[in-house]
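The structure appears right after this line, and notes come after that.
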RNA sequence: GGGACUGUGGGGUAGCUUGGUCCAUCCUUCGGGGUUCGGGACUCCGAGACGCCAGUUCAAAUCUGGCCAGUCCCA
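Numbering (this note's numbering), first residue to last: 33 to 507.
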């Protein structure tokens, strides 16, 4: 087998190779940006979805599903939103042989699909809050180079849409979403920063947007999710009104929360190494792989023991794979390391005699797990693996930022830059030009970094009102 | 939107300048056999490709035109 490209020097090549060789996605489908989910990739996706569902449902959100096609008339109601998505929607203009009277948009996101119905559902303040989510595919006509998971035209999309009684309740919902994402990110072992996007870069139609960004090498970042406060920007055009306790008619305040399979890409990008993918146990298609090591004097014994142990672990809900293929043990080690399995159990004659399996986690740490306490010890190893993975990712995360004091320092950045910014759009654009990227915005939570005392805005030199902001080159 | 480049088995490639050596090279993958098996085994047999459509020519992977697809750069 040929070595993977160097992750640091040729990140994109490395990423594409890992996704391909680990068999996470098949990109040979005949439409650009629409890839096939493989069996292995689907396992990861389902685990990802399970984490999202658990976290969002814990906050009182419920699943719904709206249709994929949106009538042009509904799509066109909110002006800013249309402006933002016009250039990237797919249209359905024919039904069979006849042209449609009302053309249909293939949802790029579901505001305009849901909100006419929300207007029917919400009548009274007693109907609020309305917190619903769906996990569906959405379509965007992406013109740039597409990449598996991170930039696709058919998006596996998680979207929560809510209606709240007033702005304060909507703000509280945004905070609740931020907390829900914090819980999800823990399962992904992904450190990130929630960032309030600048005015010119917020979601089309939003009052404000908070996005989650992660550093992915050099000055590059990847947005892995976002939460938006819409205020009444959609509820007015879509007439989502309720009768308040005092008898008055009020428009709801709305929020949304969006995530996608991009998270899978982020997990590969952040945790992966020279050997391939590395999955945190919550997402791993298999948490444990068992490699039996045959021996000539006891044919079939290792395989039998492997299957027995696997059955015990599966009975406890573990996702386990026993590699019974004809390859030699060494080849299997390489394969499952490439595919990112957190824990490997090796089982041969020695292990049978000692009644304990050799265990090697994906960070290369070798221990033993006794047959008698198998379930408990495997659980311990996985918890420890996740802890160490998070620690490693956090250390790399912290090392990905550096403060830039002047615009000049932004040129040719090798890090995500932290700069003082006065909040003026003109200064923001100066920063973007200097780094040849984007001003991501201002952190919504305190950065987990040791920062010096803030100085003057790097754009205009004004000290007044300067806040830390992040500048990077979004992937 | 403008420009440059590239399309060869499942993946990656050689061949293209100078048409014939090519029923197309090598690696990998895949199917089958044998010997193996504690970190990517060896060996034998077999399968599998010139993006599409025209044109030039005795002869096209190679030259010409159109189309399609993709990649990169610029706006």
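We treat Cβ as the ideally placed atom computed from N, Cα and C, and that holds for glycine.
Let's see if you can read the secondary structure: which residues bound the beta strand (DSSP E) around residue i?
i	result
residue 261	252-263
residue 126	122-127
residue 461	No beta strand (DSSP E) holds residue 461; the alpha helix (DSSP H) holding it covers 457-467.
residue 378	375-379
residue 501	499-506
residue 339	Note, residue 339: premise wrong, no beta strand (DSSP E); alpha helix (DSSP H) at 333-347.
residue 244	240-247
residue 274	273-275
residue 448	448-453
residue 188	186-196
residue 165	162-171
residue 282	281-283
residue 391	388-393
residue 398	398-402
From which residue to which residue does the alpha helix (DSSP H) around residue i run?
i	result
residue 47	43-53
residue 210	199-220
residue 429	406-430
residue 105	104-107
residue 470	From DSSP, residue 470 is part of no alpha helix (DSSP H) but of the beta strand (DSSP E) over 470-475.
residue 79	71-89
residue 113	111-117
residue 299	294-303
residue 150	143-153
Tell me which same chain residues have a C-beta within less than 6 Å of the C-beta of residue i, skipping the five on either side of it?
i	result
residue 297	181, 182
residue 506	253, 470
residue 107	137, 144
residue 121	137, 140
residue 446	250
residue 477	226
residue 287	194, 202, 205, 206, 261
Count the other CB atoms, across all protein chains shown, that sit within 10 Å of the CB of residue i; report buried if there are 16 or more and exposed otherwise.
i	result
residue 484	exposed
residue 123	exposed
residue 492	exposed
residue 362	exposed
residue 179	buried
residue 184	buried
residue 118	exposed
residue 54	buried
residue 62	exposed
residue 393	buried
residue 366	exposed
residue 418	buried
residue 386	exposed
residue 458	exposed
CB-CB under 7 Å to residue i, same chain, minus the five flanking residues each way: which ones, in chain order?
i	result
residue 105	134
residue 91	208, 212
residue 291	84, 190, 257
residue 466	439, 442, 443
residue 283	264, 267, 268, 272, 273
residue 435	450, 483, 484
residue 38	46
residue 88	165, 192, 212
So, for residue i: in the same chain, excluding its five sequence neighbours on each side, which residues have a beta-carbon less than 8 Å away from its beta-carbon?
i	result
residue 285	195, 196, 197, 198, 199, 201, 202, 261, 262, 263, 264, 267
residue 132	124, 125, 126
residue 94	163, 164, 165
residue 155	274, 275
residue 149	98
residue 110	143, 144, 237, 265, 266, 269, 270
residue 176	183
residue 57	51, 67, 68, 69, 70, 73, 180, 181
On a CA-only basis, which of the options is nearest residue i? Give me that one, please.
i	options	result
residue 514	66, 479, 253	Any property of residue 514 remains undetermined from this structure, which presents the chain solely from 33 to 507.
residue 101	107, 270, 138, 229	138
residue 223	256, 240, 230	256
residue 252	80, 40, 126	40
residue 245	238, 228, 232	228
residue 481	432, 458, 466, 443	432
residue 206	318, 161, 339	161
residue 523	504, 461, 437, 502	What the structure shows of the chain is the stretch from 33 to 507, and residue 523 is not part of that stretch, so it cannot be assessed.
residue 359	368, 351, 352	368
residue 151	217, 187, 281, 429	281
residue 279	454, 158, 110, 64	158
Are at least three pairs of beta-carbons, each pair with one atom in the segment 388-408 and one in the segment 334-344, less than 8 Å apart? The answer is yes - the segment 334-344 touches the segment 388-408, with three or more Cβ pairs under 8 Å.
Flag this pair as touching only if the segment 459-476 and the segment 229-249 have three or more C-beta atom pairs under 8 Å; answer yes or no. Three or more beta-carbon pairs drawn from the segment 459-476 and the segment 229-249 are found closer than 8 Å, and the two stretches are therefore classed as touching.
Give a yes or no on contact between the segment 419-426 and the segment 301-315, applying the rule of three or more CB pairs nearer than 8 Å. Yes, they touch.
Counting pairs of Cβ atoms below 8 Å between the segment 363-377 and the segment 320-335, do you hit three or more? Judged by Cβ distances under 8 Å, the segment 363-377 makes contact with the segment 320-335, as three or more pairs qualify.
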